[in-house]
Amino acid sequence: MKLENTVVQMRKGILEYCILHIISRGEVYASDMLEELTSARIMVVEGTLYPLLTRLKNAGLLEYKWIESVSGPPRKYYSLTPQGIEFLAALDENWQALVASTEQIINHTHNHRQS
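Under my numbering, the first residue of the sequence shown carries the number 911, and numbering increases by one thereafter.
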């Protein structure tokens, strides 16, 4: 079993959550999301982002609008829908519970009784 594969799966598992958090801060352009995700070492493959954004949009969690750019074609800026805001709040609760559960397991010390 390769460590790298497990780490990749862990990152994939939280990618959607991280994307929703980035978008929750305000309208954001896909390349800015990509830059933040890459610098945080959550995502390294650009081809992963766009299908995920499409899936989140089709699920009603995101919307986008085109904004004219002075240096080229119009840009698509993403924002959360009201449904997306609710979904993210529910994810936040679940994330906190998951972190607490994981820490409980990781930090558990087993007391051996010696007779």
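Ideal placement from N, C-alpha and C gives every residue a C-beta, glycine not left out. Just so you know, these numbers come straight off a predicted model, no measurement behind them.
Out of curiosity, what's the CA-to-CA distance linking residue i and residue j?
i            : j            : result
residue 1000 : residue 913  : 30 angstroms
residue 1035 : residue 1003 : Residue 1035 is absent from the structure shown; the chain starts at 911 and stops at 1025.
residue 991  : residue 1019 : 44 angstroms
residue 946  : residue 917  : 18 angstroms
residue 969  : residue 937  : 18 angstroms
residue 1007 : residue 981  : 45 angstroms
residue 994  : residue 921  : 21 angstroms
residue 958  : residue 1017 : 34 angstroms
residue 967  : residue 997  : 13 angstroms
residue 955  : residue 979  : 25 angstroms
residue 1012 : residue 950  : 21 angstroms
residue 941  : residue 1015 : 37 angstroms
What is the DSSP secondary structure of residue i, reduced to helix, strand or coil?
i            : result
residue 935  : coil
residue 941  : helix
residue 957  : helix
residue 989  : strand
residue 1025 : Bear in mind that a pLDDT of 49 at residue 1025, under 50, signals an unreliable position, so the number given afterwards is only what the model happens to contain. Here residue 1025 sits in coil by DSSP.
residue 915  : helix
Assuming residue i and residue j make a contact with CB atoms under 8 angstroms, what is their CB distance in whole Å?
i           : j           : result
residue 971 : residue 930 : 7 angstroms
residue 989 : residue 933 : 6 angstroms
Inspect the beta-carbon positions of residue i and residue j and report whether they are closer than 8 angstroms.
i            : j           : result
residue 1005 : residue 927 : yes
residue 984  : residue 977 : yes
residue 925  : residue 953 : yes
residue 974  : residue 987 : yes
From the DSSP secondary-structure annotation, give me the bridge partner or partners of residue i.
i           : result
residue 973 : 989
residue 982 : 979
Using a Cβ-Cβ distance cut-off of 8 angstroms, determine whether residue i contacts chain C.
i           : result
residue 994 : Absent here is chain C; the protein component of the structure consists of one chain.
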